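Residue numbers (the working numbering), protein chains in the order written: chain A, 1 to 455; chain B, 1001 to 1235. For each residue, glycine too, the CB sits at the ideal point set by N, CA and C. Quick caveat, the model's predicted, so the values are computed rather than measured. Notes follow the structure.
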Amino acid sequence: MKLYAVVGNALRTLARNPMRAMLTTLGIVIGVGSVIAMMEIGSGSSEALKKSIANMGANMLMVFPGMTNTGGVSGGMGSAKNLTPDDCAAIIKECPAIRAAAPLVWVRAQAVRGNRNWVPQQIMGTTADYLEVRGNRIEQGVSISQRDILNCNRVCLIGKTVAQNLFDNESPVNQEIRLKSITFRVIGVLAPKGANMVGQDQDDVILAPWTTVKYRISSTTSSASTQGESSKNSTTGSTRGILYHSATPDLYPARSSTQAEDSPISLRLASVNMILASAVSPEAIPAAIDQITILLRERHRLRPDSDDDFIIRDMTEMTNTLSSTTKLMTNLLLCVAMISLMVGGVGIMNIMLVSVTERTREIGLRMAVGARSRDILTQFLVEAIVLCLIGGLIGILLGHGGAMLVAMTLHWPVATSIPAILAAFLVSASVGIIFGYYPAWKASRLDPIEALRYE
Amino acid sequence: MALITLKNIYKDYYLGDIDVPVLKGISLDIAGGEMVALMGASGSGKSTLMNILGCLDRPTSGEYWLDGEEVSRLSSDRRAMIRNRKIGFVFQNFNLLARTSALDNVAMPLAYTAGQLSNREARQRAETMLTRVGLADRMEHVPAQLSGGQQQRVAIARALINHPPVLFADEPTGNLDSHTSEEVLAMFQELNRTEKITIILVTHDSHVAEHAQRVIHISDGVVVDGVFGPAGGEA
Ligand SMILES: Nc1ncnc2c1ncn2[C@@H]1O[C@H](COP(=O)(O)OP(=O)(O)OP(=O)(O)O)[C@@H](O)[C@H]1O
Ligand SMILES: [Mg+2]
């Protein structure tokens, strides 16, 4: 018997008793519906999680200088000064798995405008690539140019929080602010990003060309901060230099700020606090890490047996921790849904057994006119599967609708999950096969004479 | 060679440890194109014999040759195929599928025929069959909307859908009044005459038996009369 004919038959049989078919398959409807709703809400929250991670920077890699270790005293991560802007340029040029990379130097300083002041969480010197790596946009004005970097121009981009605190509702573009008594022109405002996963305000930031930060601000303070106290420090209001001692004693006397301004250190000798890189895709992150490792080891002339003098971090750890919670939740709910599918399957089996008994004479008749036992088996099995698939379909629609409802009323993030829908289909078909098989087998084993005589 | 040959057919039922012999050595020949009535007291084993003839049951021992083939030892799938292609069965209680149109009832056996017809061909064939039994205007009726005689005619159409050479009918008129019985019997005679379909029917009614060319009497599991055809076998 051709399959479509069997399916057509099954549909006709079920249509003869639609109410009963509905009630029979209700368990499947509820089971599949809850699976779909769970999955959509679950994958919605993990999607939202992914987004917030991507918001910090898509496929972001952080390269830190290694740590100094002098006489058994560790300087802590990033204490070495062996990461240079050239390393960054080389990474961009020679690592195919890297989409963009930006050097970062940071200082902490008070930003002053007129009679207002504000201490941004981050004042960073970087290149225009930073925006690309972090997925930042310029909302107003322009970005930092290559020229700005070469010329140590005193220009900066500010985040929304800084803009609000220093400018209220005025447009900050082309206005001036002072950082450590150096005047910067605001050339652009960053689009707001909100808080990141650990609650840090990502809009509380000032970006400037890294050269400017390094040689105009940092050369005054970074030497200060590495050398311990400096009179400059207290004047800028930063107490970091006082509180934290450097691990490395400096061999040379400090240069004064005028000295530094007059003869900027050649770019090649400059060190940066961090290189922020972005892999071409999430899958490319391991490759990117390998490529950077090889490149930097070569550039830093490390012997094969010596350790890396830099540290590469990516976001996987953080992602894993955060997503494991969601996963656990989803799995638990999935278990509950599976149990309800089981119960639904038992319901199907029960009604199919009743149906086989009720239709004993029909079975006998079909056998008398030439149905083989396997035809009967197929007939009842297909009926159970069709019943389950219909239930599954309704369940998918209801589950999807429920998820949408949750999305609309509670504003939870939901995401339509195609694999979940396919899985729901497969699972309902399997439930049909597993729980429909026994009744169908029973039907196929009937003796035609007894079946025909059955009252 | 006869269409149907039974050689020493025995059939025992086992009720627990008790052995109940029902058929006790039945041998007979039925030639193609014959119309035979099977008579006997209640409990004499007519239905048991019909089930064996209809390939629904196997004899305990003995040979059953149908159309040149020993069918009593075939696999159940083979026998299903024979029931589908070579045998038509008409029941006392019609056995139509409830809530299923006359047309679908008639076409139902085609679903189990190897080398199936298309839906349209099957439908056409069922329509032809229903027209033959005079129900051209009742094709979409479900059994509940048909009279007993009409239901039995639908059942006959269903039995003939695959053009089997032989038709078995176990008390086909048992549930019908004398008028409709007459109609159904006239139809059997007509099929037997024009299509040379071999018909074997079980009846208690000697009026019914009169429509047949030969009457076989069974008593307590043995044939007591009518082993030989009227003309010594036409075949
Ligand atoms: N499945 C069975 N198990 C045990 N005994 C059976 C079975 N089927 C039939 N019999 C017995 O076989 C005998 C013949 O039964 P059968 O149905 O063939 O009679 P019948 O001639 O058709 O009678 P009726 O004219 O009443 O239909 C009866 O005594 C019956 O009790
Ligand atoms: Mg009987």
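When you measure from the CB of residue i to every non-hydrogen atom of ligand 1, does any distance come out below 6 Å?
{"i": "residue 1173 (chain B)", "result": "no"}
{"i": "residue 1219 (chain B)", "result": "no"}
{"i": "residue 1045 (chain B)", "result": "yes"}
{"i": "residue 1060 (chain B)", "result": "no"}
{"i": "residue 1010 (chain B)", "result": "no"}
{"i": "residue 1042 (chain B)", "result": "yes"}
{"i": "residue 1022 (chain B)", "result": "yes"}
{"i": "residue 1013 (chain B)", "result": "yes"}
{"i": "residue 1005 (chain B)", "result": "no"}
{"i": "residue 1048 (chain B)", "result": "yes"}
When burial is assigned at 16 or more other CB atoms within 10 Å of the CB, is residue i buried or exposed?
{"i": "residue 265 (chain A)", "result": "Low confidence applies here, because residue 265 (chain A) scores a pLDDT of 48, under 50, leaving its location unreliable; read the following figure in that light. Answer is exposed; the Cβ neighbour count stays below 16."}
{"i": "residue 1196 (chain B)", "result": "exposed"}
{"i": "residue 1086 (chain B)", "result": "buried"}
{"i": "residue 303 (chain A)", "result": "exposed"}
{"i": "residue 1112 (chain B)", "result": "buried"}
{"i": "residue 335 (chain A)", "result": "exposed"}
{"i": "residue 462 (chain A)", "result": "Residue 462 (chain A) lies beyond the range of chain A shown here (1 to 455); nothing can be said about it."}
{"i": "residue 200 (chain A)", "result": "exposed"}
{"i": "residue 1179 (chain B)", "result": "exposed"}
{"i": "residue 1211 (chain B)", "result": "buried"}
{"i": "residue 1014 (chain B)", "result": "exposed"}
{"i": "residue 1238 (chain B)", "result": "As displayed, chain B neither begins before 1001 nor continues past 1235, which places residue 1238 (chain B) out of reach and without an answer."}
{"i": "residue 31 (chain A)", "result": "buried"}
{"i": "residue 1207 (chain B)", "result": "exposed"}
{"i": "residue 354 (chain A)", "result": "exposed"}
{"i": "residue 327 (chain A)", "result": "exposed"}
{"i": "residue 204 (chain A)", "result": "buried"}
Expressed to the nearest angstrom, what Euclidean distance is found between the alpha-carbon atoms of residue i and residue j?
{"i": "residue 238 (chain A)", "j": "residue 189 (chain A)", "result": "Because residue 238 (chain A) sits at a pLDDT of 41, beneath the cut-off of 50, its placement in the model cannot be relied upon, and the following sentence gives the value as read from the coordinates. Distance between the alpha carbons of residue 238 (chain A) and residue 189 (chain A): 25 Å."}
{"i": "residue 385 (chain A)", "j": "residue 1011 (chain B)", "result": "40 Å"}
{"i": "residue 453 (chain A)", "j": "residue 341 (chain A)", "result": "37 Å"}
{"i": "residue 1163 (chain B)", "j": "residue 1109 (chain B)", "result": "11 Å"}
{"i": "residue 210 (chain A)", "j": "residue 149 (chain A)", "result": "7 Å"}
{"i": "residue 394 (chain A)", "j": "residue 425 (chain A)", "result": "11 Å"}
{"i": "residue 1219 (chain B)", "j": "residue 1118 (chain B)", "result": "47 Å"}
{"i": "residue 243 (chain A)", "j": "residue 113 (chain A)", "result": "Low confidence applies here, because residue 243 (chain A) scores a pLDDT of 48, under 50, leaving its location unreliable and the question unanswered by this model."}
{"i": "residue 1139 (chain B)", "j": "residue 1091 (chain B)", "result": "20 Å"}
{"i": "residue 475 (chain A)", "j": "residue 1157 (chain B)", "result": "Residue 475 (chain A) lies beyond the range of chain A shown here (1 to 455); nothing can be said about it."}
{"i": "residue 365 (chain A)", "j": "residue 1079 (chain B)", "result": "14 Å"}
{"i": "residue 14 (chain A)", "j": "residue 1059 (chain B)", "result": "38 Å"}
{"i": "residue 160 (chain A)", "j": "residue 192 (chain A)", "result": "6 Å"}
{"i": "residue 82 (chain A)", "j": "residue 301 (chain A)", "result": "11 Å"}
{"i": "residue 431 (chain A)", "j": "residue 345 (chain A)", "result": "6 Å"}
{"i": "residue 178 (chain A)", "j": "residue 214 (chain A)", "result": "16 Å"}
{"i": "residue 298 (chain A)", "j": "residue 270 (chain A)", "result": "18 Å"}
{"i": "residue 1216 (chain B)", "j": "residue 1043 (chain B)", "result": "15 Å"}
{"i": "residue 117 (chain A)", "j": "residue 169 (chain A)", "result": "16 Å"}
{"i": "residue 5 (chain A)", "j": "residue 1027 (chain B)", "result": "42 Å"}
{"i": "residue 1041 (chain B)", "j": "residue 1050 (chain B)", "result": "15 Å"}
{"i": "residue 1154 (chain B)", "j": "residue 349 (chain A)", "result": "34 Å"}
{"i": "residue 23 (chain A)", "j": "residue 347 (chain A)", "result": "9 Å"}
{"i": "residue 62 (chain A)", "j": "residue 54 (chain A)", "result": "14 Å"}
Stretch-stretch touch, CB-based, cutoff 8 Å, three pairs: the stretch 396-416 of chain A with the stretch 1012-1032 of chain B
no
Taking 8 Å as the threshold, find out whether the stretch 1085-1103 of chain B comes into contact with the stretch 1127-1135 of chain B through three or more Cβ pairs.
yes
Between the stretch 430-445 of chain A and the stretch 375-388 of chain A, do at least 3 Cβ pairs fall closer than 8 Å?
yes
Validate contact between the stretch 96-111 of chain A and the stretch 284-292 of chain A using beta carbons, cut 8 Å, 3 pairs
yes
Please list the segments of the beta strand (DSSP E) lying wholly inside the stretch 1047-1074 of chain B, counting only runs of 3 or more residues, in order along the chain.
1061-1066
Quick one: which unbroken beta strand (DSSP E) runs of 3-plus residues sit fully inside the stretch 158-205 of chain A? Chain order, please.
176-179 and 182-190
Contact between the stretch 1002-1010 of chain B and the stretch 1026-1037 of chain B is defined here as three or more beta-carbon pairs at a separation below 8 Å; is this criterion met?
yes
Completely contained beta strand (DSSP E) runs for the stretch 1103-1191 of chain B, where each covers 3 or more residues:
1166-1170
Taking only runs that begin and end inside the stretch 47-122 of chain A, name each unbroken beta strand (DSSP E) of 3 or more residues, in chain order.
60-65, 98-107, 111-113 and 116-118
Any chance you could list the alpha helix (DSSP H) runs of at least 4 consecutive residues sitting entirely within the stretch 258-328 of chain A, in chain order?
285-299
Counting pairs of beta carbons, one from the stretch 120-130 of chain A and one from the stretch 310-328 of chain A, are three or more of them closer than 8 Å?
no
Would you say the stretch 1161-1177 of chain B touches the stretch 1192-1208 of chain B, given that touching needs at least three Cβ pairs under 8 Å?
yes
Kindly provide the ranges of any beta strand (DSSP E) runs that are 3 or more residues long and lie completely inside the stretch 395-453 of chain A, ordered along the chain.
none
Evaluate the contact criterion for the stretch 271-282 of chain A versus the stretch 101-111 of chain A: three or more CB pairs, one atom per stretch, below 8 Å.
yes
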